[in-house]
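Quick notes on the structure that follows.
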Amino acid sequence: MMENDTPIYVNNTQIENVESYIYLGQRHSNSDKIQEKEIQRRITAGWTAFAKHRDIFKGNIGTCLKRQVYNSCVLLTMTYSAETRVPTTQAKNKLAVEQTKMERSM
222 MMENDTPIYV
232 NNTQIENVES
242 YIYLGQRHSN
252 SDKIQEKEIQ
262 RRITAGWTAF
272 AKHRDIFKGN
282 IGTCLKRQVY
292 NSCVLLTMTY
302 SAETRVPTTQ
312 AKNKLAVEQT
322 KMERSM
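Under my numbering, the sequence shown is numbered contiguously, ending at residue 327.
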C-alpha cells in the first residue's frame, strides 16, 4: 500500500487505491514481488501462444519454419515489455527453463 492514504478525487469521484493494475499488457505495482508475478504472466502468455500454434510445432514441417514461428510468435509474447524491467538472474532462469520445455516439446 501507499504510505499516504489521502484519497484522490477526479471530477468529484474518488479514485480507487489498488495493490496492482495491468496497463498496456504489463502489471504495475508498488510491491517488490511484482516482477515475479509479471514473469509468471509472461510465461503463461507464452504457453498460450505456443498452444495456438501447436499444429505447426507438432506437425511434419521443417525445423526452419518452426523456429521462425516460435521466434516471431511465442518468444515475442514471452519477452513483451521486458525492456521496461530490470532483468534478474532468477527471472532469466525461469524464462530459459520454459523456453527449453517448449523447444523440447517441438
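Even glycine gets a Cβ: it sits at the ideal position worked out from N, Cα and C.
Selection from the options that minimises the alpha carbon distance to residue i
i: isoleucine 243; options: Ile255, Asn232, Leu297 and Ala270; result: Ile255
i: lysine 322; options: Arg306, Val307, Ile282 and Thr265; result: Thr265
i: serine 302; options: Ser326, Arg262, Glu237 and Thr269; result: Arg262
i: threonine 269; options: Tyr291, Thr234 and Arg306; result: Tyr291
i: glutamine 289; options: Met327, Glu237, Thr234 and Asn232; result: Met327
i: serine 250; options: Lys258, Ser241 and Glu257; result: Ser241
Residue environment, residue i, which counts as buried when at least 16 other CB atoms sit within 10 Å
i: leucine 286; result: exposed
i: valine 295; result: buried
i: methionine 223; result: Caution is warranted here: a pLDDT of 49 is assigned to methionine 223, below 50, making its placement in the model unreliable, and the coordinate value is therefore given only provisionally. Label assigned to methionine 223: exposed.
i: arginine 275; result: exposed
i: glycine 337; result: Given a span of 222 to 327 for the chain in the structure shown, any question on residue 337 remains unanswerable.
i: threonine 298; result: buried
Residues that residue i bridges to, as DSSP identifies them
i: histidine 249; result: Tyr242
Start and end residues, alpha helix (DSSP H) containing residue i
i: leucine 316; result: 310-326
i: isoleucine 236; result: Where isoleucine 236 is concerned, there is no enclosing alpha helix (DSSP H), given that its DSSP letter is neither H nor E.
i: aspartate 226; result: Aspartate 226 -> no alpha helix (DSSP H), and no H or E assigned at all.
i: arginine 262; result: 255-273
i: valine 290; result: 284-290
Anticipated Cβ contact below 8 angstroms, residue i with residue j, distance rounded
i: alanine 312; j: isoleucine 260; result: 5 angstroms
i: glutamate 319; j: glycine 267; result: 6 angstroms
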